[in-house]
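*Asks:*
In the UniProt record's numbering, the protein residues as written are 1 to 229.
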């Protein structure tokens with residue numbers, strides 16, 4: 001799927017007049033043909049009924065056609081998101097660091113861990129029941145995984161997946177579709193809108209953090225991690 005193909009799908013959704021216009025023309029053509037025959041038999045009152053019936057037939061077709069266009073576009077956006085994630089996972093280089101300088105703030109149910117990583121303040125929250133307990137000769141640390149694309153891959157990655165131009169060109173349509181989709185998605189689940197891939201720039205770097213227990217006797221070989229976040 002290229003950007004030009006995606007642009008055509010957006011245009012079909014924003015300006016679906018061609019097929020809709022043809023549908024109405026067909027409906028009126030049928031009505032006109034029937035009208036000609038009816039007028040010869042002086043049965044003119046049936047003319048309005050035939051036109052209304054023709055419109056009733058054409059309107060559901062137009063609605064179905066619009067749903068088809070919207071669904072096709074949104075399936076394409078979901079597919080692009082999957083391709084973007086697969087591309088990043090395939091080419092990203094991972095660097096792992098161990099952080100032992102952090103603070104833990106306890107609440108009734110959670111523990112907030114605050115620390116500095118790559119000159120940036122970071123924090124995440126873990127349920128108290130999920131905090132691993134170190135034993136003798138062990139210590140609790142944060143393991144940071146920094147994933148980044150090599151410089152020679154960034155240009156190709158952004159060329160494929162930077163869709164910010166669409167968020168400006170089709171801003172009104174996207175907002176309307178997101179409002180409609182919000183009526184049907186689960187509010188407790190995130191990132192369900194397929195249009196998020198358009199409004200968000202493709203990240204060339206990602207960071208993940210997890211708590212871990214490290215054996216102090218031999219951290220090079222005797223290291224085990226317990227992921228809690």
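Here a beta-carbon is modelled for each residue, glycine too, at the ideal position from N, C-alpha and C.
Tell me the residue span of the beta strand (DSSP E) that contains residue 239.
*Replies:* Given that the chain is displayed from residue 1 to residue 229, the structure contains no residue 239 and the question cannot be resolved.
*Asks:* Which one of 87, 8 and 99 has the shortest CA to CA distance from residue 155?
*Replies:* Nearest of 87, 8 and 99 to residue 155, Cα basis: 87.
*Asks:* Below 8 angstroms CB to CB, which residues in the same chain sit around residue 150 once its five sequence neighbours on both sides are set aside?
*Replies:* Excluding residues within five positions, the ones whose Cβ falls inside 8 angstroms are 91 and 93.
*Asks:* Taking the CB atoms as reference points, tell me whether residue 98 and residue 143 lie closer together than 9 angstroms.
*Replies:* Yes, Cβ-Cβ distance for residue 98 and residue 143 is below 9 angstroms.
*Asks:* When the Cα of residue 77 is compared with those of 131, 132 and 160, which residue comes out closest?
*Replies:* Nearest option by C-alpha distance: 160.
*Asks:* Spatial neighbours of residue 200 within its chain, please: C-beta separation below 8 angstroms, excluding the five flanking residues on both sides.
*Replies:* None.
*Asks:* Specify the secondary structure class of residue 8 as computed by DSSP and reduced to three states.
*Replies:* Helix, per DSSP.
*Asks:* Check this for me: beta carbons of residue 113 and residue 206, under 9 angstroms apart or not?
*Replies:* No, they are not a contact pair.
*Asks:* May I ask you to report which of helix, strand or coil DSSP gives residue 103?
*Replies:* Residue 103 falls in the strand class under three-state DSSP.
*Asks:* Would you mind stating whether residue 73 and residue 16 have Cβ atoms separated by less than 9 angstroms?
*Replies:* No; because the gap between Cβ atoms is not below 9 angstroms, this pair is not in contact.
*Asks:* Select from 211, 193 and 80 the residue whose C-alpha is nearest the C-alpha of residue 5.
*Replies:* Comparing Cα positions, the closest option is 80.
*Asks:* At which residues does the alpha helix (DSSP H) containing residue 181 begin and terminate?
*Replies:* Its alpha helix (DSSP H) spans residues 171 to 182.
*Asks:* Cutting at 7 angstroms between CB atoms, please list the residues of its own chain near residue 56, excluding the five before and the five after it.
*Replies:* Excluding residues within five positions, none has a Cβ falling inside 7 angstroms.
*Asks:* Using a Cβ-Cβ cut-off of 6 angstroms (strictly less than) and excluding sequence neighbours within five positions of residue 11, which residues of its own chain qualify?
*Replies:* Contacts found: none.
*Asks:* I think residue 209 touches residue 133, with their Cβ atoms under 8 angstroms apart; what is that distance to the nearest whole Å?
*Replies:* With 8 angstroms as the limit, residue 209 and residue 133 do not qualify as a contact, their Cβ atoms being about 19 angstroms apart.
*Asks:* Where do the ends of the beta strand (DSSP E) carrying residue 110 lie?
*Replies:* Element bounds for residue 110: 110 to 117.
*Asks:* In its own chain, which residues sit with a C-beta less than 6 angstroms from the C-beta of residue 104, not counting the 5 before and 5 after it?
*Replies:* If we look at residue 104 and ignore the five residues flanking it on each side, its Cβ neighbours are 111 and 113.
*Asks:* Return the CA-CA distance between residue 14 and residue 89, expressed in angstroms with no decimal places.
*Replies:* Rounded to the nearest angstrom, the two C-alpha atoms are 34 angstroms apart.
*Asks:* Leaving out five residues before and five after residue 7 in sequence, what residues of the same chain have Cβ atoms less than 6 angstroms from its Cβ?
*Replies:* Nothing listed; no residue qualifies.
*Asks:* Could you tell me the boundaries of the beta strand (DSSP E) in which residue 139 lies?
*Replies:* It spans 138 to 148 - the beta strand (DSSP E) in which residue 139 sits, taken as one unbroken run.
*Asks:* Hey, could you find the ends of the alpha helix (DSSP H) residue 151 is sitting in?
*Replies:* First-last of the alpha helix (DSSP H) with residue 151: 151 to 161.
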